[in-house]
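Numbering (our numbering), first residue to last: 20 to 202.
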């Protein structure tokens, strides 16, 4: 993830670099591996008796300093964290309009393309796009978190008439064990 290789050489412009988020995931994996798999726990890495070390090496002061410096370097080089943004009714309308274009209602044969050739308009088929649109609308109207809408099952949604549906959540963040009737 760094611009500098372990031997001190600066990476070329074309060489692959991971994001800071990827570096955080790698550190998290190392912390888990040392802590759980190798039973090192979650105590910081330290010299025990002048000879032996104890604790989790990925939680050491040196690794923490390195991660902080890496974050500063990534930010200085223009890498900004990708934050999620709230979905709006305008975005949902754009999805609806795009999904209902005549050329997007007909399934097309799958075509192998490179990443450079792909466009934002070229993903999934009509059914996948309609499903995503339905999930987004349900989450938007019912004010559901992403995990809540993705954990819904068929039996949690009841169609009462042509204009009314009933959604019952199996759990919610503030009520993890109860059946919550939304609307």
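All residues carry an ideal CB built from backbone N, CA and C; glycine is no exception.
Everything numeric in this text was worked out from a predicted model, so none of it was measured.
Hey, how far is the Cα of residue i from the Cα of residue j?
i	j	result
residue 26	residue 51	27 Å
residue 92	residue 172	45 Å
residue 78	residue 54	10 Å
residue 188	residue 111	23 Å
residue 38	residue 148	29 Å
residue 150	residue 180	21 Å
residue 28	residue 191	50 Å
residue 154	residue 98	31 Å
residue 43	residue 160	34 Å
residue 40	residue 83	15 Å
residue 109	residue 76	48 Å
residue 80	residue 87	11 Å
residue 123	residue 96	39 Å
residue 182	residue 174	18 Å
residue 49	residue 186	41 Å
Which same chain residues, not among the five before or five after residue i, have their C-beta less than 7 Å away from its C-beta?
i	result
residue 152	114, 115, 118
residue 184	176, 177, 178
residue 144	126
residue 170	189
Just list the residues that DSSP pairs residue i with in beta bridges.
i	result
residue 122	Answer by DSSP bridge pairing: none, since residue 122 is not bridged.
residue 75	63
residue 177	185
residue 84	None, per the DSSP bridge assignment.
For residue i, is the classification buried or exposed, using 16 other Cβ atoms within 10 angstroms of its Cβ as the cut-off for buried?
i	result
residue 127	exposed
residue 146	exposed
residue 56	exposed
residue 163	buried
For residue i, which residues of its own chain have a beta-carbon under 6 Å away from its beta-carbon, when the five flanking residues on both sides are left out?
i	result
residue 6	What the structure shows of the chain is the stretch from 20 to 202, and residue 6 is not part of that stretch, so it cannot be assessed.
For residue i, which residues of its own chain have a beta-carbon under 8 Å away from its beta-carbon, when the five flanking residues on both sides are left out?
i	result
residue 74	59, 60, 62, 63, 64, 65
residue 72	64, 65, 66
residue 69	none
residue 24	30
residue 89	20, 21, 39, 42
Looking at the C-beta of residue i, does it have a partner C-beta in chain D at a distance below 7 Å?
i	result
residue 117	No chain D is part of this structure, which consists of one protein chain only.
For residue i, which of the options has the nearest alpha-carbon?
i	options	result
residue 85	46, 183, 98	46
residue 32	125, 89, 21, 191	21
residue 107	156, 24, 34	156
residue 165	121, 105, 120	105
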